[in-house]
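Below is one structure; the comments refer to it alone.
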Amino acid sequence: MIALGSDHAGRDLKKIIMQHLEAKGIACRDYGWPGEPAPVDYPIYGLAAAKAVAGGECEKGIVICGTGIGISLVANKVQGIRCALCSEPYSALMSREHNDANMLALGARVIGPELAKMIVDTWLQGQFQGGNHAPRVEMIKTIEKTGAL
Ligand code: RB5
2 MIALGSDHAG RDLKKIIMQH LEAKGIACRD YGWPGEPAPV DYPIYGLAAA
52 KAVAGGECEK GIVICGTGIG ISLVANKVQG IRCALCSEPY SALMSREHND
102 ANMLALGARV IGPELAKMIV DTWLQGQFQG GNHAPRVEMI KTIEKTGAL
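Sequential numbering from 2 applies to the sequence shown in this note's numbering.
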């Protein structure tokens, strides 16, 4: 299950990504915002999607706002979340292989829908490589829990 979340700026791209994933048989759950394109606050929906991933309700999550910045900042405040803001597939792949990112953020005002689909597909196909990357991810978790190394 993939958690999706967006504000008003990301809503249309989120719907495109949701249809794209569901057409491939990948189940999605939309944590908002589903309504008309009037301004809403991205922290509300970024938090909801991130909590679904951190709590195990969803395996991974994709969050979208205008730039992807605000909603990625929110997701990364939730313990256990490693959210990567990506505008091209290489970083998306590396965020899985090296950083074990469990959430992806996209900027709907930065990239177009076809590039977004490519980034999402690449990110979902990526597998964490472990090895020398594993202790670094553990260090991120330690900083998250203790504020230090
Ligand atoms: C909304 O105008 C915009 O600020 C928001 O979508 C996002 O880009 C914030 O980081």
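Note that the Cβ used here is the ideal one computed from N, Cα and C, for glycine as well.
Under 9 Å, do residue i and residue j count as touching if we go by C-beta distance?
| i | j | result |
| --- | --- | --- |
| residue 65 | residue 12 | yes |
| residue 72 | residue 8 | yes |
| residue 33 | residue 46 | yes |
| residue 3 | residue 59 | yes |
| residue 5 | residue 50 | yes |
| residue 114 | residue 14 | yes |
| residue 67 | residue 10 | yes |
Quick one: what's got a C-beta closer than 6 Å to residue i's C-beta in the same chain, skipping five residues either side?
| i | result |
| --- | --- |
| residue 21 | 118 |
| residue 43 | 8, 66, 71 and 72 |
Suppose the cutoff is 7 Å on Cβ atoms and the five residues either side in sequence are ignored; what does the same chain contact list for residue i look like?
| i | result |
| --- | --- |
| residue 80 | 55 and 145 |
| residue 102 | 83, 84, 85 and 96 |
| residue 52 | 79 |
Between the C-alpha atoms of residue i and residue j, what's the straight-line distance to the nearest angstrom?
| i | j | result |
| --- | --- | --- |
| residue 93 | residue 104 | 10 Å |
| residue 26 | residue 139 | 32 Å |
| residue 24 | residue 150 | 43 Å |
| residue 134 | residue 142 | 13 Å |
| residue 19 | residue 147 | 36 Å |
| residue 37 | residue 112 | 21 Å |
| residue 74 | residue 122 | 22 Å |
| residue 116 | residue 39 | 25 Å |
| residue 31 | residue 124 | 19 Å |
| residue 136 | residue 120 | 26 Å |
| residue 17 | residue 132 | 35 Å |
| residue 41 | residue 35 | 11 Å |
Take residue i and list the residues in its own chain whose beta-carbon comes closer than 8 Å to its own, dropping the five residues that flank it on each side.
| i | result |
| --- | --- |
| residue 61 | 3, 4, 54, 103, 104, 105 and 125 |
- Message: I want to know whether the region 118–130 touches the region 80–100 - three or more CB-CB distances under 8 Å.
- Response: yes
- Flag this pair as touching only if the region 103–122 and the region 78–90 have three or more C-beta atom pairs under 8 Å; answer yes or no. yes
- Query: Got a list of residues with beta-carbon closer than 6 Å to any non-hydrogen atom of ligand 1, in chain order?
  - Reply: 8, 10, 43, 66, 67, 68, 70 and 71
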